[in-house]
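Student: This is the structure, below, for whatever I ask next.
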Amino acid sequence: MWNDEIVEAVHRIRAEYAKSFNDDLDAIFADLRKKEAERGRRIVNLSPKPRSRSR
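So that you can map any letter, position 17 of the sequence shown is 468 in the numbering used here, and since no number is skipped, the others follow by simple counting.
What follows is the structure, given as structure tokens:
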């Protein structure tokens, strides 16, 4: 199997971030909400995207 350095880095960073909260999803969620409030925008936008027109 091939290795992708970028994917490995994302996995490592995500694991470190989760570990900093003892893998507590409630704490991670609270931190993300806090960051959203500080930045004044949503970190993840779940609104539907416009449909593209096919030819």
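Glycine included, C-beta positions come from ideal geometry on N, C-alpha and C.
Locate the alpha helix (DSSP H) running through Arg463, then write down its first and last residues.
Tutor: Unbroken alpha helix (DSSP H) run through Arg463: 456 to 471.
Student: What does the alpha-carbon distance come out to for the pair Ala469 and Ser505?
Tutor: Taking the straight line from one Cα to the other gives about 41 Å.
Student: Pull up the distance between the alpha-carbon of Ile464 and that of Arg502, whole angstroms please.
Tutor: The straight-line gap from Cα to Cα measures roughly 33 Å.
Student: Please state whether the Cβ-Cβ distance between Ile494 and Lys486 is less than 8 Å.
Tutor: Result yes, Cβ atoms of Ile494 and Lys486 sit closer than 8 Å.
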